[in-house]
Amino acid sequence: MTTYVTPDPKDGKRHPAVIWISGGYGGLSDSEDFFWREHDRDNDQSASAFRKAGLVVMLPSFRGEDKNPGRYEMFYGELDDIEAAYDWLSRQSYVDPERIYLAGHSTGGTRVLLASEYSTKFRGYFSLGGIPDLKARVEGGEMSVIVPFKQTKKEFQLRSPASYIKSIKKPTWYFEGEEAYWQAFDNIEKVAKKEKIPLFIYKIPNGDHFNIIAPLTEMIAQKILADSGRKSNITFSDKDIAKISHELTGR
1 MTTYVTPDPK
11 DGKRHPAVIW
21 ISGGYGGLSD
31 SEDFFWREHD
41 RDNDQSASAF
51 RKAGLVVMLP
61 SFRGEDKNPG
71 RYEMFYGELD
81 DIEAAYDWLS
91 RQSYVDPERI
101 YLAGHSTGGT
111 RVLLASEYST
121 KFRGYFSLGG
131 IPDLKARVEG
141 GEMSVIVPFK
151 QTKKEFQLRS
161 PASYIKSIKK
171 PTWYFEGEEA
181 YWQAFDNIEK
191 VAKKEKIPLF
201 IYKIPNGDHF
211 NIIAPLTEMI
221 AQKILADSGR
231 KSNITFSDKD
241 IAKISHELTG
251 R
């Protein structure tokens with residue numbers, strides 16, 4: 001599978017790592033330097049905050065994309081590809097296998113939610129702007145790709161994170177700007193609290209689907225660096241969310 005990964009810093013240490021699932025459809029960006037050049041803070045999907053913080057970063061592609069074998073399945077078989085990416089990264093001598101996190105935006109955020117329901121390999125999962133229900137997304141229109149499966153109730157269910165919330169076992173965080181927030185997450189949050197599911201949902205005031213990415217990934221990167229105990233101690237306080245919201249207000 002085609003993948004970008006930051007190189008061994010050759011310092012003899014094992015470092016925390018993030019696998020970043022980019023948004024959109026069709027694989028890694030057509031621009032070869034997309035993940036390495038500077039972007040506008042109002043829409044920085046490059047995951048550069050993790051790299052700049054000194055974390056190991058892996059940017060994978062999936063079956064049927066970027067000349068990879070297989071066919072595009074849209075939020076289904078890619079979960080096995082995420083597992084395979086984790087397995088490969090965890091074997092690298094400069095990566096701490098106990099401190100690998102999964103993060104992604106938009107379609108990548110949806111894959112993160114599904115992955116958090118699918119297994120428990122990662123130390124933590126960060127979804128920025130994922131969707132709860134694929135059927136609702138498709139029916140809402142403006143899809144940039146053709147749906148590659150027979151549109152039955154079962155096929156949509158298998159690809160919709162809202163269907164499997166109770167399967168989440170590891171800390172999972174969901175963020176979206178208030179302008180793009182799916183109301184379905186209000187009910188999901190109620191279920192998570194009632195069932196004590198480690199899913200934490202944040203609607204960011206003054207945020208939209210894109211401007212939350214830069215300040216959020218910067219904050220997540222610092223929390224990952226500080227998360228060095230046997231178990232994850234990452235939390236997001238009201239003050240943290242207010243800080244991000246305040247930055248967005250000042251733009």
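Each residue of the sequence shown is one higher than the one before, starting from 1 at the first, in this note's numbering. Positions of the beta carbon are idealized from the N, C-alpha and C atoms, including for glycine.
> Three-state secondary structure (DSSP) at Leu128?
Replying inline: For Leu128, the three-state secondary structure derived from DSSP is strand.
>> Measuring straight from C-alpha to C-alpha, what distance separates Ser167 and Lys196?
In response: 11 Å
> Bridge partners of Glu38, per DSSP?
Replying inline: DSSP lists no partner for Glu38.
> Near Leu225, what residues of its chain come up, given a Cβ to Cβ distance below 8 Å and the 5 sequence neighbours on each side ignored?
Replying inline: Counting only Cβ-Cβ distances below 8 Å, and skipping sequence neighbours, we find Pro16, Ala53, Gly54, Leu55.
>> Mapping the DSSP letters down to three states, classify Thr217 as helix, strand or coil.
In response: helix
>> Going by DSSP in three states, Pro161 sits in which element: helix, strand or coil?
In response: helix
>> Once DSSP output is grouped into helix, strand and coil, what is the label at Trp88?
In response: helix
> Which residues bound the alpha helix (DSSP H) around Gly177?
Replying inline: Segment 172-177 is the beta strand (DSSP E) holding Gly177; no alpha helix (DSSP H) there.
>> Looking at the strands, I want to know which residues DSSP matches up with Phe200.
In response: Trp173
>> Going by DSSP in three states, Ile19 sits in which element: helix, strand or coil?
In response: Note: Ile19 maps to strand in three-state DSSP.
> Identify the residues that DSSP records as bridge partners of His105: which are they?
Replying inline: Leu128
> Closest to Arg230 by CA distance: which of Asp11, Leu79, Pro97 is it?
Replying inline: Pro97
> So who's on the other strand from Thr3, going by DSSP bridges?
Replying inline: Pro60
> Quick one: is Val18 buried, meaning 16 or more other Cβ sit within 10 Å of its Cβ, or exposed?
Replying inline: Classification for Val18: buried.
> Looking at Phe149 and the ligand NAP, is the gap between the Cβ and the nearest heavy atom below 8 Å?
Replying inline: Looking at this structure, you won't find the ligand NAP or any other ligand, since it has none at all.
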